[in-house]
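FYI, in the numbering used here the residues of the sequence shown are 126 to 470.
Okay, structure first, notes after.
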Amino acid sequence: MKNFIGLIVVLVLGGIAYWMYSSKDKPVNTEVYKDFAIEDTAKVDKVFITQANGKSVTISRRGFDEWMIEGEFPARKDAIQLILKTLHDISIQAPVSKETFDWVVKSIAGNHTKVEFYLEGKDEPEKVWYIGEPTASRVGTYMLLEKDGKKSAKPFITHLLMERGYLGTRFFTDKTLWKDRIVMRCNPREIRRIEVKHQSDTLGDFSIEQYEKDRFRLTDLSNNQSQELNPELAIPYFKLFSGVYYEYVDKKTPSEQLDSIYLSPERHNIKLELMDGKTIEMRAYNMPVREGATLNGKLLTHHPERMYVYSSYLGEEEHPIVQNLTFDPLVPGIKEFTSLTTVEK
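Now the structure itself:
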């Protein structure tokens, strides 16, 4: 316990020392900055977040059509939108009181999240936030602003109007949490054909083909009989594939067990053929449960609410798990489409 406390003290003192070292060559700034917000967040094209533990992450759309994490994968849209909203809406709740001023300064120096906002390809940040602890009421956040390489002479208590809560949790560096929870996505208008097969469910296999603009053909794969499919049924179904999302990625199950799952019979198989000839495939597998698990007195052979999904969009390295509630609409039986159809002559 003593060693642990000693380690904490060393880390805090180290943070303060780094803060002082990083500022020692800069002239003491007497100016007070409190304009934390940036009105036109559309100009922001890069955000760099650093935490006191040394971890950092770069979220940037420079050279990309979307926000990317370290240039490796797309950022969660909800997370980056929340950051930009915070940047736009942030305001001063109150100045730091004289009684707590020294404590707040030392607290921010020793343990802060540093957030740098870059605009329109510039090499230097427009503004830098040093995010400290929440206030005792947890409705405000202690923050210090830096501009043009100079830290404000005073920190402030910041908040968002009409919102409550600590702002620091919005700025995280764990790259796995930044990943967009996407299984696959595509433009529904670019889908030429969808094929759905059910290996272990008693549902009819089918395909739907858009053979002309807004004209669709439904085929029963058990007998290859085709029917004209009403666009009012086909178009909403195609739109479901604009974004398919997982609940979480399995990072704990041993690879041998995962291999066994992916070698087991598929529950569902979906193949999308796009207008440009590319294909996207998704395969759903039953999620194992512990031996002897029951639900309402009945023995379970697999998880009743979740499945593993392989997606060619993601590749073999990811092991996403989806909720049946969100995935089942993608894998209906053919009977879901047989109303309002006409058999081809």
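Virtual Cβ for every residue (Gly too), placed ideally from N, Cα, C.
Please read these numbers as outputs of a predicted model, since none were measured by experiment.
Range of the contiguous beta strand (DSSP E) that encloses residue i
i: Gln448; result: Pro445 to Gln448
i: Leu490; result: As displayed, the chain neither begins before 126 nor continues past 470, which places residue 490 out of reach and without an answer.
i: Asp345; result: Arg340 to Asp345
i: Ile215; result: Ile215 to Pro220
i: Ser436; result: Arg431 to Ser436
i: Ser181; result: Ser181 to Ser185
i: Ala266; result: Note on identity: in this sequence residue 266 is Thr, with Ala being the wrong assignment. That run of the beta strand (DSSP E) goes Thr266 to Lys272.
i: Glu371; result: The amino acid at residue 371 is misidentified as Glu; the sequence shows Tyr. First-last for Tyr371: undefined, no H or E at that position.
Nearest-angstrom Cα separation, counted from residue j out to residue i
i: Phe331; j: Asn312; result: 21 angstroms
i: Leu424; j: Glu430; result: 15 angstroms
i: Phe452; j: Arg408; result: 11 angstroms
i: Val172; j: Glu241; result: 6 angstroms
i: Arg187; j: Leu212; result: 19 angstroms
i: Leu328; j: Ile459; result: 7 angstroms
i: Tyr243; j: Met287; result: 27 angstroms
i: Thr238; j: Gln335; result: 51 angstroms
i: Lys202; j: Arg306; result: 10 angstroms
i: Met193; j: Ala200; result: 5 angstroms
i: Leu269; j: Ile233; result: 8 angstroms
i: Gln382; j: His428; result: 15 angstroms
i: Thr301; j: Glu372; result: 13 angstroms
i: Pro390; j: Phe198; result: 31 angstroms
Exposure of residue i, with buried meaning 16 or more beta-carbon neighbours within 10 Å
i: Gly476; result: With the chain covering only 126 through 470, there is no way to say anything about residue 476.
i: Thr404; result: exposed
i: Gly293; result: buried
i: Ser147; result: In this prediction, Ser147 scores a pLDDT of 48, lower than 50, which makes its location untrustworthy; no coordinate-derived value is stated.
i: Lys149; result: For Lys149, the predicted structure reports a pLDDT of 44, less than 50, and the residue's modelled location is therefore unreliable. A value from the coordinates is still provided. It is exposed - the Cβ of Lys149 has fewer than 16 other Cβ atoms within 10 Å.
i: Pro445; result: buried
i: Val456; result: buried
i: Gly257; result: buried
i: Trp228; result: exposed
i: Tyr410; result: buried
i: Lys338; result: exposed
i: Gln206; result: exposed
i: Met400; result: exposed
i: Arg392; result: buried
In DSSP terms, what residue i is bridged to
i: Phe198; result: Ile194
i: Glu288; result: Glu288 pairs with nothing; no bridge assigned.
i: Ile395; result: Val321 and Met407
i: Ile303; result: The sequence shown places Trp at residue 303, not Ile. In DSSP, Trp303 forms no bridge with anything.
i: Leu244; result: Val169
i: Ser351; result: Thr344
Range of the contiguous alpha helix (DSSP H) that encloses residue i
i: Ile360; result: Pro356 to Lys364
i: Glu224; result: Lys223 to Gly235
i: Ile386; result: Ser380 to Leu388
Min CB distance residue i to chain D below 8 angstroms
i: Thr294; result: Looking at the structure shown, chain D is missing, and only one protein chain is on hand.
Q: For the stretch 178-187 and the stretch 272-285, state whether three or more C-beta atom pairs, one from each stretch, are separated by less than 8 angstroms.
A: no
Q. Do the stretch 206-224 and the stretch 314-323 touch if we need at least three Cβ pairs shorter than 8 angstroms?
A. no
(Q) Using a Cβ distance threshold of 8 angstroms, determine whether the stretch 362-369 contacts the stretch 282-290, with at least three qualifying pairs required. (A) no
Q | Touch test, the stretch 156-166 against the stretch 245-259, Cβ-Cβ under 8 angstroms, three pairs minimum | A | yes
Q: Flag this pair as touching only if the stretch 298-315 and the stretch 430-441 have three or more C-beta atom pairs under 8 angstroms; answer yes or no.
A: yes
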